[in-house]
Amino acid sequence: MQVIDCDGYRANVGIILCNAEQQLFWGKRVGQAAWQFPQGGVHAEETPEEAMFRELHEETGLFPRHVEVLGSTRHWLRYRLPERMVRRHQRPVCIGQKQRWFLLRMVGDESDVVLDAMETPEFDDWRWIDYWRPAREVVHFKRQVYRRALCELVPLMFPELEQARARRSGRRGPAQPQPRSPVSSR
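Take the sequence shown: its position 10, counting from 1, is numbered 10 in full-length UniProt numbering, and each next residue is one higher.
Shown next as structure tokens:
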């Protein structure tokens, strides 16, 4: 069952999966020229972290043993759907998505990726790409939320860059955000 809040946003998780070379998993939607990160809805009985692991398996075939969770966004990040995509005949009306984004590092092998693990696959192709490329290439209405997620999670992906930036600015102590276990509350 979909979880849509009183403002019309569907609860969703986004997955940014990286490899040891600091490249990101980029999936091509079945039968389309559209590429995106794995993502999917949070069911009523799930935490965002549970939904993330379910969606990870459904869309990539990967299990928790194949990844290390590096962290997640602190808050829900929202985007609105284009008006032509809002299904006004459904109740409740969903005008967009609110997403918790998770940054994962793949610790399994590329051969562990199985796009047709489920009866109806989401992706029919995938590749590794550079960190900022998705914010330029994803469908236009998701670009801002992709940028926000990538910006918030960049210190977890490239801690050496954040430490250098902190030294240049004279800041003491660790950079923000801190690596942490994902928050399990909705």
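Positions of the beta carbon are idealized from the N, C-alpha and C atoms, including for glycine. These figures come from a predicted structure and were not determined experimentally.
If you look at residue 119, you'll find it isn't in any alpha helix (DSSP H); DSSP assigns it neither H nor E. Residue 25 sits close to residue 128, with the two beta carbons spaced by under 9 Å. According to the DSSP assignment, residue 65 belongs to no alpha helix (DSSP H), since it is labelled neither H nor E. With respect to residue 132, residue 99 sits apart: the two C-beta atoms are not nearer than 9 Å. Spanning the alpha carbons of residue 114 and residue 105 requires a straight line of approximately 17 Å.
Secondary structure of residue 43 (DSSP, three-state): strand.
The three-state reading of DSSP puts residue 131 in coil, since its state is none of H, G, I, E or B. Annotation for residue 3: 11, 42 and 44 place their beta carbon closer than 6 Å to its own, counting only its chain and skipping 5 residues before and after. Rounded to whole angstroms, the separation of the alpha carbons of residue 112 and residue 62 is 6 Å. Note that the C-beta distance between residue 141 and residue 80 is below 9 Å.
Around the beta carbon of residue 51, 16 or more other beta carbons sit within 10 angstroms, so the residue counts as buried. In the three-state scheme derived from DSSP, where H, G and I count as helix and E and B as strand, residue 18 is classed as strand.
In this structure, residue 40 keeps its C-beta atom at 9 Å or more from the C-beta atom of residue 137. Cα atoms of residue 144 and residue 153: separation of roughly 14 Å, rounded to the nearest angstrom. 107 is the residue among 139, 33, 89 and 107 whose C-alpha sits nearest the C-alpha of residue 17. Between residue 9 and residue 78, the beta carbon gap of about 6 Å places them in contact (Cβ cut-off 8 Å).
Contact between residue 31 and residue 124 is confirmed by a C-beta separation of about 7 Å, below the 8 Å threshold. Residue 112 sits in a helix when the DSSP states are folded into three classes. DSSP places residue 53 inside the alpha helix (DSSP H), whose first and last residues are 48-60.
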